[in-house]
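Reviewing the structure listed below.
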Amino acid sequence: MRDSRATRLLFKVGAILFALIVTTGVLFLAKAQPFAAYKYITLGALGSWDVVTNVFVSWVPLLLATSGLLVTFTVGLWNIGIEGQITLGAIFTTWAMRLLEHSGWNPTLILMLAVLAGMLGGALWAMLAGALKTFGGVNEIFGGLGLNFVATALNIWLIFGPWKRPGVASMSGTIPFDRSLWMPIAQGSSRLTPATLVMAIVGILVVYAMIEGTYFGLRLKAVGKNARSAHILGIPTWQYMMSSFAVCGIFAGVAGAVQVTAVYHRLIPSISSGYGYLGLMVAMLVGYRASLAAPVALFFAALNVGSIQLPIVLKLDSSLAGVLQGTLVLFVVLGQGVRSRILKKTKVKS
Amino acid sequence: MNNSALFVSLGGVLASAAPVLFAVIGETISERAGVLNLSMNGMILLSAMGSFAVALSTGSVVLGFLAGALIGALVSLVVVFASLTLLQSQVAVGFVLALLCRDLSYFLGSPIMGQVGPRISQLPIPGLEQIPVLGTILFRQDMMTYLSFILVILAWFFIFKTRPGLTLRGIGERPAAAFVRGANVNRLRYLYAVLGGAIAGLAGPIYSLSVKAGWKGTISGLDGIGWIVLSITIFGGWKPFRAAFGAYLFAFLQWLGLVLQPSLPSVPSQVLQVAPFPLMILTLLFVNIGNAEWVERSLARLPENVRRDIAKVLRAMNATPPAALGVPFEKE
Chain A
98 MRDSRATRLL
108 FKVGAILFAL
118 IVTTGVLFLA
128 KAQPFAAYKY
138 ITLGALGSWD
148 VVTNVFVSWV
158 PLLLATSGLL
168 VTFTVGLWNI
178 GIEGQITLGA
188 IFTTWAMRLL
198 EHSGWNPTLI
208 LMLAVLAGML
218 GGALWAMLAG
228 ALKTFGGVNE
238 IFGGLGLNFV
248 ATALNIWLIF
258 GPWKRPGVAS
268 MSGTIPFDRS
278 LWMPIAQGSS
288 RLTPATLVMA
298 IVGILVVYAM
308 IEGTYFGLRL
318 KAVGKNARSA
328 HILGIPTWQY
338 MMSSFAVCGI
348 FAGVAGAVQV
358 TAVYHRLIPS
368 ISSGYGYLGL
378 MVAMLVGYRA
388 SLAAPVALFF
398 AALNVGSIQL
408 PIVLKLDSSL
418 AGVLQGTLVL
428 FVVLGQGVRS
438 RILKKTKVKS
Chain B
133 MNNSALFVSL
143 GGVLASAAPV
153 LFAVIGETIS
163 ERAGVLNLSM
173 NGMILLSAMG
183 SFAVALSTGS
193 VVLGFLAGAL
203 IGALVSLVVV
213 FASLTLLQSQ
223 VAVGFVLALL
233 CRDLSYFLGS
243 PIMGQVGPRI
253 SQLPIPGLEQ
263 IPVLGTILFR
273 QDMMTYLSFI
283 LVILAWFFIF
293 KTRPGLTLRG
303 IGERPAAAFV
313 RGANVNRLRY
323 LYAVLGGAIA
333 GLAGPIYSLS
343 VKAGWKGTIS
353 GLDGIGWIVL
363 SITIFGGWKP
373 FRAAFGAYLF
383 AFLQWLGLVL
393 QPSLPSVPSQ
403 VLQVAPFPLM
413 ILTLLFVNIG
423 NAEWVERSLA
433 RLPENVRRDI
443 AKVLRAMNAT
453 PPAALGVPFE
463 KE
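Residue numbers (my numbering), protein chains in the order written: chain A, 98 to 447; chain B, 133 to 464.
Structure representation (structure tokens):
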């Protein structure tokens, strides 16, 4: 077997088939009808213009998170703390909105400042994980996980404490912002906000250009491939790690800002909606390269939105989307291993 | 609170630490062999759900516990197969499995959510339970809590006092040297990772058949435990007794959060429940800071006697991971 585009594609297709087989098996185990489940997921994601716009609403924060993660993956860092960074972005955004909502300023200006505040929040939280890693020797995975829990606690404390609704605080979040302070919604749609779509598309293009076309990106790659030799060649490794954390935090912060200003219009306990972890999966699936991130994130968003109806129409839990996404990433990773094993054997023989 | 109620609750702290202990000891064995099993969080959820489902349909808690161990072993098998045989990143595979197993448990568990099933009962030890104070705290527990005490001692004895234990440390520390001395590194890594997975898998049924009996889906309160387990493993410095101390400290802090709740009405309960996490980060920082290069450099500048004292404190807290943790071994 030769290493070619064709064999690589073959393994990708194989991974998709295996993921479908396993998920179908899981559905049989749950005594459900697989074809009905797949049909309703497809209908739930593509059935009407309204659900299609919902897919894009979910695509924006997912792609933003993935874009940020591609930068940290390039320097070889596992930024699992991204969930907390999204949450802090949302908290800072809400804080700015609360500060300015009665100022009488132009709503567009307020929204722009709120997104900037979100960037700041995400970046600060990411740099905290970065500082723990570079100065404290705490592995970014464990530091990040701990910071995720702290961010959740901070968020819940704000919702139930200082920022609680007048009267009784509840899990439904803070009091919604005035309609004039919502991200403007496109005509003929109920939730689609063109401004956030632009942010996501510009974001992934910036990341692509940064990694593939700049000196900064080249150095990031050098650190990621071999931090020691990069250091010996005179690249200040820790500065590059810190900057990649900061960049990823900015993207996560924007994702949090989008959740607050365009999706929920308030702060809720689970404001990050798991987009950070899902972004890690998308980044793994695209082999940490920016070129495929947008379409794959769209597919994952479609699965998420498509499965929302499952509990109602088929009495199945909507976590089926996660099962399908998880098996898909797992088989792609396993497939890479099998492929390189076979390639190695053929090389030895020839 | 009067004293006897306090002792009963302290007994409860020991019981609620039992599943964490099993998981931490399992992970410690696996990481000692050089295999980082990051799937812990999803694996505990899946084994909790799976073992409850098995116990519910068969009426046997024993089969439930076996199912939990089996699920733990199988998930670990996927991690080692992907990393040792297929040479893929342990972190990547472990993380995917952490999410996949969590979603699987929610999906497959939804039909049995909220059902009342079998659970293991208290097993007071005759005689010993009469001892004042200690009897109430230590000897009115269930089987698995007693086993958790024994497990810590067994694991310590095995790792540090036996010949196979020496080899176990060898394959995680210097696999090449262990290989030269005749150890089949990869086979042993398979063995210990799967064994560690099976032990950790018992954490699930200890929750669903005892500590938090039943399966309640996303509100089970189990999501997150696995990540704590991984932090406690580091805090424990890959030593069973220190790990046990970490597990008890965590259980105690969570209990303290519940006790303090009435006296701090302004703080929502969800905040107190996560109070141990910032503490975990701080401890990770203390445990690791001695490894950082700049600390060594700045220490070198201090006067000799001060330096020696600080270095001593740092060394006491310090924990160094097995040198070959997460690194695949190839014979060439």
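Cβ atoms here follow ideal geometry from the backbone N, Cα and C, with glycine treated the same way.
Taking DSSP's pairing of strands, which residues face residue i in a bridge?
i        : result
Gln254/B : Asp274/B
Any beta carbon of chain A sitting closer than 8 Å to that of residue i?
i        : result
Tyr322/B : no
Gly356/B : yes
Ala443/B : no
Met133/B : With a pLDDT of only 47 at Met133/B, under 50, the local geometry of the prediction cannot be trusted, and no value is derived from it.
Ala214/B : yes
Ala375/B : no
Ser242/B : yes
Ser171/B : no
Gln247/B : no
Phe227/B : yes
Gly378/B : no
Val223/B : yes
Asn318/B : no
Asn437/B : no
Gln220/B : yes
Phe239/B : yes
Taking Cβ positions only, does residue i come closer than 8 Å to chain B?
i        : result
Ser267/A : no
Gln433/A : yes
Gly270/A : no
Phe232/A : yes
Ile238/A : yes
Leu377/A : yes
Thr104/A : no
Thr424/A : yes
Ala127/A : yes
Leu242/A : yes
Ala292/A : no
Ala116/A : no
Quick check on this structure: which residue in the options has the alpha carbon closest to the alpha carbon of residue i?
i        : options                                : result
Ile282/A : Leu294/A, Thr139/A, Leu217/A           : Leu294/A
Ile259/B : Val248/B, Glu305/B, Arg272/B           : What sits at residue 259/B in the sequence shown is Gly, not Ile. Checking every option, the nearest Cα to that of Gly259/B belongs to Arg272/B.
Phe461/B : Ser221/B, Glu159/B, Leu146/B           : Ser221/B
Ala116/A : Tyr137/A, Arg438/A, Val420/A, Gly434/A : Val420/A
Leu354/B : Tyr324/B, Gly368/B, Val156/B, Tyr339/B : Tyr339/B
Thr121/A : Ile253/A, Phe132/A, Phe189/A           : Phe132/A
Leu242/A : Leu457/B, Val459/B, Ser363/B           : Ser363/B
Phe197/B : Ala180/B, Leu153/B, Leu298/B           : Ala180/B
Thr171/A : Lys128/A, Tyr372/A, Cys345/A, Pro408/A : Cys345/A
Leu341/B : Ile282/B, Ala185/B, Gly356/B           : Ala185/B
Val138/B : Arg439/B, Val391/B, Phe213/B           : First, the amino acid is wrong: residue 138/B is Leu here, not Val. Among Arg439/B, Val391/B, Phe213/B, the Cα nearest to that of Leu138/B belongs to Val391/B.
Phe125/A : Val435/A, Leu417/A, Gly434/A, Ile329/A : Leu417/A
Arg386/A : Val123/A, Leu143/A, Leu106/A, Thr169/A : Thr169/A
Ala379/B : Phe292/B, Val167/B, Trp359/B, Pro394/B : Trp359/B
Val357/A : Thr290/A, Lys136/A, Arg105/A, Val435/A : Thr290/A
Met268/A : Ile113/A, Ser367/A, Ser145/A           : Ser367/A
Met194/A : Leu210/A, Arg436/A, Gly350/A           : Leu210/A
Can you tell me where the alpha helix (DSSP H) with residue i in it begins and where it stops?
i        : result
Lys261/A : Lys261/A -> no alpha helix (DSSP H), and no H or E assigned at all.
Ile301/A : 291-310
Gly233/A : 204-233
Tyr385/A : Where Tyr385/A is concerned, there is no enclosing alpha helix (DSSP H), given that its DSSP letter is neither H nor E.
Gly297/B : 295-305
His199/A : Run containing His199/A: none; DSSP gives neither H nor E here.
Met172/B : 172-190
Pro392/A : 390-403
His362/A : Unbroken run through His362/A: none, as it is neither H nor E.
Using a Cβ-Cβ distance under 8 Å, would residue i count as near chain C?
i        : result
Gly419/A : Absent here is chain C; the protein component of the structure consists of chains A and B.
Handout entry: Any 3 or more C-beta pairs closer than 8 Å across the segment 235-242 of chain B and the segment 425-444 of chain A
Key = No, they do not touch.
Exercise for the section: Please confirm if the segment 227-236 of chain B is in contact with the segment 158-174 of chain B, defined as three or more CB-CB distances below 8 Å between the two stretches. Expected result: At 8 Å Cβ cutoff, the stretches touch.
Problem - At least three beta-carbon pairs within less than 8 Å, the segment 177-185 of chain A to the segment 313-322 of chain A - result: With a cut-off of 8 Å, the segment 313-322 of chain A and the segment 177-185 of chain A do not count as touching, because too few Cβ pairs lie within range.
Problem - Three or more C-beta pairs below 8 Å linking the segment 225-236 of chain A and the segment 336-345 of chain A - result: A contact between stretches requires three or more CB pairs, one per stretch, nearer than 8 Å, and the segment 225-236 of chain A meets this requirement with the segment 336-345 of chain A.
Exercise for the section: Indicate whether the contact test is met: 3 or more Cβ pairs, each with one atom in the segment 140-149 of chain B and one in the segment 298-307 of chain B, closer than 8 Å. Expected result: They do not touch, by the three-pair rule.
Problem - Three-pair Cβ contact test at 8 Å for the segment 432-444 of chain A versus the segment 363-372 of chain B - result: Segments in contact, no.
Practice task
Decide yes or no for the touch test of the segment 323-340 of chain B against the segment 203-223 of chain B: beta carbon pairs closer than 8 Å, at least 3 of them.
Solution key: Because the criterion of three Cβ pairs below 8 Å is met, the segment 323-340 of chain B and the segment 203-223 of chain B touch.
Problem - Three CB pairs or more closer than 8 Å across the segment 153-160 of chain A and the segment 390-399 of chain A - result: Because the criterion of three Cβ pairs below 8 Å is met, the segment 153-160 of chain A and the segment 390-399 of chain A touch.
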